[in-house]
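Have a look at the structure below before the remarks.
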Amino acid sequence: MPTFRYRAYDDAGRAVSGELEAEGLKDAVERLRRKGLHPSKVSAAAAAAAGGRAVGADMLALTTRQLATLLGSGSRVTDALSVLADEGGFARLRPVLLDIKDSVAQGNSLARSLETRPDIFSPLYRGLVAAGEASGSLDRALARLADYLETRARITREVKAALAYPALMTVVGTGVLTFLFIFVVPKITRIFEEREAALPWMTVVLMAVTDLVSRYWPYLLIAAAAVAAALRGLFRSGAYRGRLDALLLRVPWFGRLLVHFHTANMARTLGSLLLGGVPLLKALEMTRGAVDNRVFEETLEAAQRRCA
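Here it is as structure tokens:
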């Protein structure tokens with residue numbers, strides 16, 4: 199049986215993640231529910247490892263916008279989904295759209311039909327759709343949802359662009375230093391050794407570091423990769439994720455950027471849910487699932503308890 203990766207919440211609101219085997223995506227969702235979990239994201243492990251085949255934020259936003267336009271013009275949900283499935287620009291989503299259309303045609307609501315693909319449609323997405331269906335304004339709810347997805351995708355691109363230059367400079371600087379340590383400094387060191395000149399202690403330290411790097415650089419690379427893998431594992435671990443998230447928020451410049459990003463994301467998500475007619479407590483719970491930082495998740499959890 200294929201393996202699926204999941205992220206879910208238990209009845210106490212605690213986030214859990216892991217892998218399980220199931221016959222298909224729908225079966226994986228049902229198995230998680232039987233365990234008393236509420237899945238927020240389920241995806242095939244093989245697809246996640248291969249990469250490049252997931253539905254991007256821009257495509258999901260465009261699909262939502264087109265669906266809102268079709269429903270606003272008076273089309274039925276099943277007809278609108280059929281039109282989108284036949285569009286060439288939505289070829290990657292065609293099987294998903296057809297499955298959702300069949301589910302709606304069988305009498306299920308659109309929000310209920312979206313639950314079979316939690317890897318694409320988040321709890322926030324499904325919650326706004328459910329609120330729109332309940333209020334009889336599904337087209338307006340989808341339009342607001344498209345606005346939200348487009349804004350979030352734009353901000354994500356801007357943040358990545360802001361981080362691209364420092365990341366590039368870090369890589370280039372590391373490469374230059376490595377080149378100097380391995381090829382340039384050893385030649386200069388030999389000149390001083392031949393002249394038996396007295397050197398400042400900082401120069402002696404630099405020469406010692408250079409000798410260490412030039413002799414053991416393969417082992418240093420392996421050690422660096424092992425440390426990076428360990429940090430990545432700790433970051434994914436529930437026991438240390440909160441500490442690492444809090445530490446990242448205190449990093450100079452980068453931490454301030456993360457605070458602004460998560461604050462804007464939290465406020466925009468909560469505002470969209472409340473505007474869509476979702477009750478406050480449910481909106482706070484959904485916003486927790488949309489904020490990828492434990493510090494902000496705990497803040498929302500505390501607010502949810504106080505409002506209950």
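The sequence shown begins at 199 in the working numbering and counts up one residue at a time.
We put the CB at the ideal spot given by N, CA and C, even for glycine.
Inset, instruction - Sort S333, E348, L296 and I380 by Cα distance to L473 and report the nearest one. - result: S333
Inset, instruction - Measure from the alpha carbon of R504 to the alpha carbon of each residue in G487, M484, L478 and Y414, then state which is nearest. - result: L478
Inset, instruction - For G249, name the three-state secondary structure that DSSP assigns. - result: Only weak support is given to the placement of G249: the predicted model assigns it a pLDDT of 41, under 50, and the value that follows is read from those uncertain coordinates. Residue state, collapsed to three classes: coil.
Legend entry - is_contact[A339, chain D] using C-beta, thresh 7 angstroms: The chain labelled as chain D is not found in the depicted structure, where only one protein chain is given.
Legend entry - Neighbourhood of A481 by C-beta distance below 7 angstroms, restricted to the same chain and skipping five residues each side: L468, L471 and L472
Legend entry - Endpoints, the beta strand (DSSP E) within which L214 is located: According to the sequence as given, residue 214 is Val; it is not Leu. That run of the beta strand (DSSP E) goes A213 to E219.
Inset, instruction - Indicate whether the contact test is met: 3 or more Cβ pairs, each with one atom in the stretch 486-495 and one in the stretch 435-449, closer than 8 angstroms. - result: yes
Legend entry - For A206: DSSP bridge partner residues: V214 and P237
Legend entry - T349 - partner residues in DSSP beta bridges: In the DSSP output, where bridge partners are listed per residue, T349 has none listed.
Inset, instruction - Would you give the residue range spanned by the alpha helix (DSSP H) that F379 belongs to? - result: Careful: F379 lies outside any alpha helix (DSSP H) and carries neither H nor E.
Legend entry - Closest residue to A344 among A328, D256 and W415 (Cα-Cα distance): D256
Legend entry - Identity of the residues DSSP links to T201 by a beta bridge: E219
Inset, instruction - Taking G475 and A283 to be in contact with their CB atoms under 8 angstroms, please state how far apart those CB atoms are, rounded to whole angstroms. - result: Not quite, the Cβ-Cβ distance comes to about 28 angstroms (not below 8 angstroms), so this is no contact.
Inset, instruction - Please say whether T261 and A303 have beta carbons closer to each other than 7 angstroms? - result: no
Inset, instruction - Identify, in the order they occur along the chain, each residue of the same chain with its Cβ nearer than 7 angstroms to the Cβ of A422, setting aside the five sequence neighbours on each side. - result: none
Legend entry - Among S307, L455, A213 and A220, nearest to T201 - alpha-carbon criterion: A220
Legend entry - Distance, L268 Cα to R251 Cα: Because the pLDDT of R251 is 49, which lies under 50, any placement of that residue in the model is unreliable, and the number read from its coordinates should be weighed accordingly. When rounded, the distance between both Cα atoms is 26 angstroms.
Inset, instruction - Count the other CB atoms, across all protein chains shown, that sit within 10 Å of the CB of R486; report buried if there are 16 or more and exposed otherwise. - result: buried
Legend entry - Straight-line gap, A247 to L340 (C-alpha atoms, nearest Å): For A247, the pLDDT reaches just 42, beneath the cut-off of 50, and the residue's location in the model is therefore unreliable, although a value from the coordinates is still provided. Near 31 angstroms, if we compare the C-alpha coordinates of L340 and A247.
Legend entry - Buried versus exposed, by CB contacts within 10 Å (16 or more), A396: exposed
Inset, instruction - Please determine, among R355, R232 and P416, the residue with the shortest C-alpha to C-alpha distance to D208. - result: R232
Inset, instruction - Express the C-alpha separation of S301 and S335 in angstroms, rounding to a whole number. - result: 20 angstroms
Inset, instruction - Could you tell me the distance, in whole angstroms, from the CA atom of E378 to the CA atom of V411? - result: A small correction: the amino acid at residue 378 is Leu; Glu does not occupy that position in the sequence shown. Cα-Cα distance, rounded: 10 angstroms.
Inset, instruction - Would you mind sorting T314 into buried or exposed? The rule is 16 or more other CB atoms within 10 Å of its CB. - result: buried
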